[in-house]
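Quick notes on the structure that follows.
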Amino acid sequence: MHYCKENSFEPIREDKYRRIFVEDFNIRFKIPKSDTCPVCDELNIKVRTSDGQHRRQYEYELQLHQRRAEAGQTNIRHQTTPAKSDTNYHVITFDLQEALPMPRLSSGPVFYKHKIWTCNFNVHNCRTGVGHFFVLGCN
Ligand SMILES: [Zn+2]
352 MHYCKENSFE
362 PIREDKYRRI
372 FVEDFNIRFK
382 IPKSDTCPVC
392 DELNIKVRTS
402 DGQHRRQYEY
412 ELQLHQRRAE
422 AGQTNIRHQT
432 TPAKSDTNYH
442 VITFDLQEAL
452 PMPRLSSGPV
462 FYKHKIWTCN
472 FNVHNCRTGV
482 GHFFVLGCN
């Protein structure tokens, strides 16, 4: 057993940590789904489920949407290059990632009555490559 020297308390073991989260708070651990864009999701479904002129229109809209997203990423890269050599120049990005309901309830109407949502807010310094994550409880 290891003891934390700075605070002189015994850290809890992982199985206890898991048991408390799962049994007392109904929180599960799993690999998160990949972050998908709702616009891409919708247009991909429309492309797959349509044909002819409609399909071509949705393919065009999807391509346009993806080019806009790429342009944003390219802009960040172009802005980051001068920031790497000039410490007075900062490129900071922000991302509010998926809101997760707490506790984990899947029953239809109950799902929408969650009192607490958990959000992961990310602030990334593109010059240093250091990201800071802030887990927020929202209601
Ligand atoms: Zn998208």
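Residue 352 is where the sequence shown starts when you use our numbering, and the numbers rise one by one after that. In this text, a Cβ means the ideal position worked out from N, Cα and C, and glycines have one as well. Note that the structure is predicted; figures quoted are calculated from it, not measured.
Query	Result
How many angstroms separate the CA atom of residue 436 from the CA atom of residue 444?	18 Å
Any heavy atom of ligand 1 inside 7 Å of the beta-carbon of residue 390?	yes
Among 381, 430, 468 and 451, whose alpha-carbon lies nearest the alpha-carbon of residue 333?	The requested residue 333 is not part of the displayed model; the chain covers only 352 to 490.
For residue 422, is the beta carbon positioned less than 7 Å from some heavy atom of ligand 1?	no
Is there at least one non-hydrogen atom of ligand 1 closer than 7 Å to the beta-carbon of residue 546?	With the chain covering 352 to 490 only, the question about residue 546 has no answer from this structure.
Going by the CB atoms, is the gap between residue 415 and residue 395 shorter than 8 Å?	no
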